[in-house]
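Visitor: Got a structure for you, written out below as structure tokens; questions coming shortly.
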Amino acid sequence: LLAKKMGKKRVIAETGAGQHGVATATGAALKGLECEIYMGTEDIKRQALNVFRMRLLGAKVTEVPTGSRTLKDAINEALRDWTTNVRTTHYVLGTVFGPHPFPVMVRDFQSVIGREARRQILDAEGRLPDYLIACVGGGSNAMGLFYEFLSENVKMIGVEAGGKGIETGEHAARFAGGSIGVFQGCKSYLLQDDDGNVLGTHSVSAGLDYASIGPEHPFLRDRGRVQYTYATDDAALSAFELLSRIEGITPALESAHALAEIVKLAPELSKEEIIIINLSGRGDKDVQHVARIKGIEL
103 LLAKKMGKKR VIAETGAGQH GVATATGAAL KGLECEIYMG TEDIKRQALN VFRMRLLGAK
163 VTEVPTGSRT LKDAINEALR DWTTNVRTTH YVLGTVFGPH PFPVMVRDFQ SVIGREARRQ
223 ILDAEGRLPD YLIACVGGGS NAMGLFYEFL SENVKMIGVE AGGKGIETGE HAARFAGGSI
283 GVFQGCKSYL LQDDDGNVLG THSVSAGLDY ASIGPEHPFL RDRGRVQYTY ATDDAALSAF
343 ELLSRIEGIT PALESAHALA EIVKLAPELS KEEIIIINLS GRGDKDVQHV ARIKGIEL
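Count along the sequence shown from 1, then add 102; that gives the number in the numbering used here.
Structural data, given as structure tokens:
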């Protein structure tokens with residue numbers, strides 16, 4: 103709608119897990135806009151279903167084979183495109199990152215998650231939850247959930263991608279292994295070396311495989327308002343299977359990182375305490391990837 107209001111004929115977006123790419127392609131198809139989605143080579147391999155869906159919706163999916171070939175590099179290419187074609191193109195950035203006003207815009211749009219969660223838990227239980235838990239890549243789904251509750255007495259936990267373990271260096275846990283830096287138009291925590299070069303990242307989930315984090319998350323962490331932790335690939339894969347088997351819900355691998363934290367936290371709480379977890383995506387897109395990891399041929 104913003105693109106139409108500004109008279110733009112084309113929208114672009116980056117995507118890691120493919121969910122934001124599908125959403126952008128859907129909106130563009132509905133409004134008759136040209137759409138191009140940038141996606142790293144590694145993520146295209148991991149998220150073949152969503153790549154097909156984007157193309158089915160009429161979007162051009164442009165593979166980014168440079169750098170780590172993941173979300174970071176897709177954002178780089180989208181920013182280059184946008185600055186070159188700004189007169190005709192609007193960049194639909196998919197997370198609470200990048201140059202102002204993107205972090206604020208995306209947070210405000212995503213805050214519908216928290217507003218709905220608040221209304222629904224009050225209807226169901228008559229009180230606010232004790233805990234909110236969400237996975238954190240760039241951080242949009244977490245900010246969308248947390249924002250409505252910031253002034254309330256509710257504990258909040260963001261879960262980053264611990265990859266193969268912090269000690270291995272193969273992870274995307276910015277708070278566990280990063281430092282403050284400037285990246286892609288934004289000052290935040292960043293996985294970087296002593297010279298400021300961006301380090302490689304790893305996560306079993308494409309959407310959390312990112313070297314930096316939206317700037318509002320460090321603000322909340324450094325003030326003690328939100329606690330941040332991480333879950334390893336193995337813990338996320340275990341939680342992915344657990345929810346599928348006990349609830350009949352297959353979560354996205356991104357969301358499975360938040361579920362892994364619940365598996366650790368819940369046994370320490372009383373039955374009266376309420377936890378809201380944000381299942382930020384469904385796992386259809388990840389089934390083929392998980393099967394490949396397990397050595398199962400589909």
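Think of the CB as a built atom: it goes at the ideal place given N, C-alpha and C, for glycine as much as any other residue.
The model shown is predicted, which means the values in this text are computed figures rather than measured ones.
Taking C-alpha atoms, which residue in SER213, GLY120, ALA115, ILE215 lies nearest to ILE177?
Guide: Indexing the sequence shown from 1 puts residue 177 at position 75. Proximity to ILE177 across SER213, GLY120, ALA115, ILE215 peaks at ALA115, based on C-alpha coordinates.
Visitor: Do you know whose CA, among LYS162, ARG157, ALA119, lies nearest LEU310's CA?
Guide: Here residue 310 is taken as the residue at index 208 of the sequence shown, counted from 1. Distance from the Cα of LEU310 is smallest, within the candidate group LYS162, ARG157, ALA119, for ALA119.
Visitor: With three or more C-beta pairs closer than 8 Å as the rule, is the stretch 269-286 touching the stretch 343-350?
Guide: At 8 Å Cβ cutoff, the stretches do not touch.
Visitor: Please look up how many angstroms separate the CB atoms of LEU301 and ALA313, rounded, as I've assumed it's under 8 Å.
Guide: In the sequence shown, counting from the first residue as 1, residue 301 sits at position 199. In the sequence shown, counting from the first residue as 1, residue 313 sits at position 211. About 7 Å separates the Cβ atoms of LEU301 and ALA313, confirming a contact at the 8 Å cut-off.
Visitor: When you compare only the Cα positions, how much space is there between TRP184 and THR191?
Guide: Here residue 184 is taken as the residue at index 82 of the sequence shown, counted from 1. Here residue 191 is taken as the residue at index 89 of the sequence shown, counted from 1. Across the structure, TRP184 and THR191 are spaced so that their CA atoms are roughly 6 Å apart.
Visitor: Within the continuous beta strand (DSSP E) that includes THR331, where are the two ends?
Guide: The sequence position of residue 331 within the sequence shown is 229, counting from 1. Here the beta strand (DSSP E) through THR331 covers 329-334.
Visitor: Give the range of the alpha helix (DSSP H) segment to which ARG229 is assigned.
Guide: Along the sequence shown, one-based indexing puts residue 229 at 127. Segment: none, ARG229 is in no alpha helix (DSSP H) and carries neither H nor E.
Visitor: Between VAL206, ILE259, GLY129, GLY316, which has its C-alpha nearest LEU234's C-alpha?
Guide: The residue given as residue 234 occupies position 132 in the sequence shown. Comparing Cα-Cα distances from LEU234 to each of VAL206, ILE259, GLY129, GLY316, the minimum goes to ILE259.
Visitor: To which residues of the same chain is PRO205 closer than 8 Å at the C-beta, ignoring the five residues directly before and after it?
Guide: As a working note, residue 205 is residue 103 in the sequence shown. Taken in chain order, the residues that qualify are VAL198, PHE199, CYS288, GLY316, PRO317, GLU318.
Visitor: Out of ALA358, ASP232, GLN294, ARG220, point me to the one whose CA is closest to GLU374's CA.
Guide: The residue you call residue 374 lines up with position 272 of the sequence shown. Closest option to GLU374, Cα to Cα, is ASP232.
Visitor: Cβ of ALA275 within 9 Å of Cβ of GLY239?
Guide: For this step, residue 275 is matched to residue 173 along the sequence shown. For this step, residue 239 is matched to residue 137 along the sequence shown. No; because the gap between Cβ atoms is not below 9 Å, this pair is not in contact.
Visitor: Where GLU179 and LEU371 are concerned, what is the direct C-alpha to C-alpha distance, given to the nearest angstrom?
Guide: Reading the sequence shown from its first residue, position 77 is the one you call residue 179. Reading the sequence shown from its first residue, position 269 is the one you call residue 371. About 45 Å.
Visitor: Quick check on the burial criterion: 16 or more other C-beta atoms within 10 angstroms. Buried or exposed for ILE398?
Guide: What you label residue 398 is simply residue 296 of the sequence shown in a count that begins at 1. That one is exposed.
Visitor: Can you have a look at ARG182 and say buried or exposed, based on whether 16 or more other CB atoms are within 10 angstroms of its CB?
Guide: Sequence index remark: in the sequence shown, residue 182 carries index 80 (1-based). Exposed, by the Cβ-count rule.
Visitor: With DSSP run on the structure shown, which of helix, strand or coil describes LYS314?
Guide: In the sequence shown, residue 314 corresponds to position 212, counting from 1. Strictly speaking, residue 314 in this sequence is Ser, with Lys absent from that position. Here SER314 sits in strand by DSSP.
Visitor: Measure the CB-CB distance between GLY216 and THR117 and report whether it falls below 9 Å.
Guide: For the purposes of this step, residue 216 is taken as the residue at position 114 of the sequence shown. For the purposes of this step, residue 117 is taken as the residue at position 15 of the sequence shown. Not in contact: GLY216 and THR117 (Cβ atoms no closer than 9 Å).
Visitor: Taking the straight line between their C-alpha atoms, what separation do you get for ASP336 and LYS106?
Guide: Here residue 336 is taken as the residue at index 234 of the sequence shown, counted from 1. Here residue 106 is taken as the residue at index 4 of the sequence shown, counted from 1. Each residue's Cα considered, the two are about 44 Å apart.
Visitor: Among LYS387, GLN286, ALA393, VAL113, which residue has its Cα nearest to the Cα of GLY160?
Guide: Counting from one through the sequence shown, the residue named residue 160 turns up at place 58. When each option's Cα is compared against that of GLY160, the closest is VAL113.
Visitor: Alpha carbons only, please: which of ALA360, PHE211, ILE268 is nearest the one belonging to GLU250?
Guide: What you label residue 250 is simply residue 148 of the sequence shown in a count that begins at 1. When only C-alpha atoms are compared, the closest one is PHE211.
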